[in-house]
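Its first residue numbered 352, the sequence shown is counted upward by one per residue in the working numbering. Even for Gly, the Cβ is constructed at its ideal location relative to N, Cα and C.
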Amino acid sequence: METINAEKAIGIANSAEGILIATSSSAKGDMVGMGGSIKDT
Numbered sequence: 352m353e354t355i356n357a358e359k360a361i362g363i364a365n366s367a368e369g370i371l372i373a374t375s376s377s378a379k380g381d382m383v384g385m386g387g388s389i390k391d392t
């Protein structure tokens, strides 16, 4: 498994083309949260 440092990750994200989709979720106690973002580059 390759380890990606922060500088390399930023470069990869900045060079992405097309439609980018990011999602996240969390749970704490009895509450669950989720979110997402869609961006057309």
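One thing to note: SER376 has its Cβ within 7 Å of the Cβ of MET385. At the C-beta level, SER388 and ALA373 come within 7 Å of one another. One thing to note: ASP391 has its Cβ within 7 Å of the Cβ of ILE370.
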